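Undergrad:
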Amino acid sequence: VPRLVRSKASKLNEALKTLEAKLGRTPADAEVAEHMGLSREEFEKLLVDANAVSLVSLNKKWCETDSSKEVHEIDILEDKKGEDPTRRIHKADLMRLVTKGLNRNERLIIILYYYEELTMKEIGATLDLSESRVSQMHSAIVERLQNQLGRRRPEFAM
44 VPRLVRSKAS KLNEALKTLE AKLGRTPADA EVAEHMGLSR EEFEKLLVDA NAVSLVSLNK
104 KWCETDSSKE VHEIDILEDK KGEDPTRRIH KADLMRLVTK GLNRNERLII ILYYYEELTM
164 KEIGATLDLS ESRVSQMHSA IVERLQNQLG RRRPEFAM
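Numbering (this note's numbering), first residue to last: 44 to 201.
1. When the Cβ atoms of the stretch 162–182 are set against those of the stretch 137–145, are three or more pairs found closer than 8 Å?
2. Thinking just about the alpha-carbon of each residue, which of P197, N148, A58, N190 is nearest to the one in S178?
3. Within 10 angstroms of the Cβ of A135, are there 16 or more other Cβ atoms? Answer buried if so, exposed if not.
4. Taking K160 as part of the alpha helix (DSSP H), name the residues at either end of that continuous run.
5. Alpha carbon to alpha carbon, how far is I153 from Q189?
6. Can you tell which of V48, H115, T69, E74 has its C-alpha closest to the C-alpha of K213?
7. By DSSP, does E113 sit in helix, in strand, or in coil?
8. R139 lies in the alpha helix (DSSP H); which residues open and close that run?
9. Thinking C-alpha only, which one of A64, Q191, S182 is nearest L140?
10. Does the Cβ of A71 have 16 or more other Cβ atoms within 10 Å, making it buried, or fewer, making it exposed?
11. For V91, count neighbouring Cβ atoms within 10 angstroms of its own Cβ and tell me buried if that reaches 16, exposed if not.
12. Any idea which residues DSSP pairs K104 with across the strands?
13. Under the assumption that T69 contacts E77 (Cβ atoms under 8 Å), give the Cβ distance between them as a whole number of angstroms.
14. By Cβ distance, which residues of its chain are closer than 7 Å to R83, with the 5 residues on each side in sequence left out?
15. Could you tell me if A52 is buried or exposed, where buried requires 16 or more neighbouring beta carbons within 10 angstroms of its beta carbon?
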């Protein structure tokens, strides 16, 4: 976060604390803007910029476990960009299970539509079929798969 933004955020926090102490309550945005000598638009921009500032120490101690091992913030943060390796395996297993018993074109329609997220028109161009024919086939495949799943439901019960 740029130094100027951090500086503005600290000035905003200072103004909030000063007005809170003076008024005995949380000040309104208009009061803070007036106290800081800012127009409404400038104050709103400052709020947006200041909200971008949220520094957290990743070394901050979160808790201690029974084994006296310290757990830090960095140990419990979720890696939003990381991929769960089991998810890919489950997805592949599900794809094999769903497409088992389908012919080549039917399998391609399901994979291209649900896994590759192609449109019916794009699938038709790939398989040299009309968009309406792909749609008809897709509907028939889905209906057949639903019937199969209905019969096999006990296998999936936990």
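Beta carbons are placed, not taken as given, at the ideal position from N, Cα and C, and that holds for glycine.
What you are looking at is a predicted structure, and each value in this text was computed from that prediction instead of being measured.
TA: In short:
1. no
2. Walking along the sequence shown from the start, residue 178 turns up at place 135. Among P197, N148, A58, N190, the Cα nearest to that of S178 is on N148.
3. Residue mapping note: residue 135 aligns to position 92 of the sequence shown, counting from 1. A135 comes out exposed.
4. Here the question's residue 160 lines up with position 117 in the sequence shown. This sequence places Glu at residue 160; Lys is not what is there. Run containing E160: none; DSSP gives neither H nor E here.
5. Sequence index remark: in the sequence shown, residue 153 carries index 110 (1-based). Sequence index remark: in the sequence shown, residue 189 carries index 146 (1-based). Roughly 13 Å separates the two Cα atoms.
6. Residue 213 is absent from the model: the chain starts at 44 and stops at 201.
7. One-based indexing of the sequence shown puts residue 113 at position 70. Three-state DSSP puts E113 in a strand.
8. Against the sequence shown, residue 139 aligns to sequence position 96. R139 -> alpha helix (DSSP H) spans 128–142.
9. Taking the sequence shown and counting its residues from 1, one reaches residue 140 at position 97. If we check each option's Cα against that of L140, Q191 comes out closest.
10. Translated into the one-based positions of the sequence shown, residue 71 becomes position 28. Classification for A71: exposed.
11. Within the sequence shown, the letter at position 48 stands for residue 91. Exposed, since its Cβ has fewer than 16 Cβ neighbours within 10 Å.
12. Position 61 of the sequence shown, counting from 1, holds the residue named residue 104. Answer by DSSP bridge pairing, in chain order: H115.
13. Numbered from 1 along the sequence shown, position 26 holds the residue referred to as residue 69. Numbered from 1 along the sequence shown, position 34 holds the residue referred to as residue 77. With a Cβ gap of about 15 Å, T69 and E77 do not count as contacting.
14. Counting from 1 along the sequence shown, the entry for residue 83 is found at position 40. Excluding positions up to five away in sequence, the list reads A76.
15. Walking along the sequence shown from the start, residue 52 turns up at place 9. Answer is buried; the Cβ neighbour count reaches 16.
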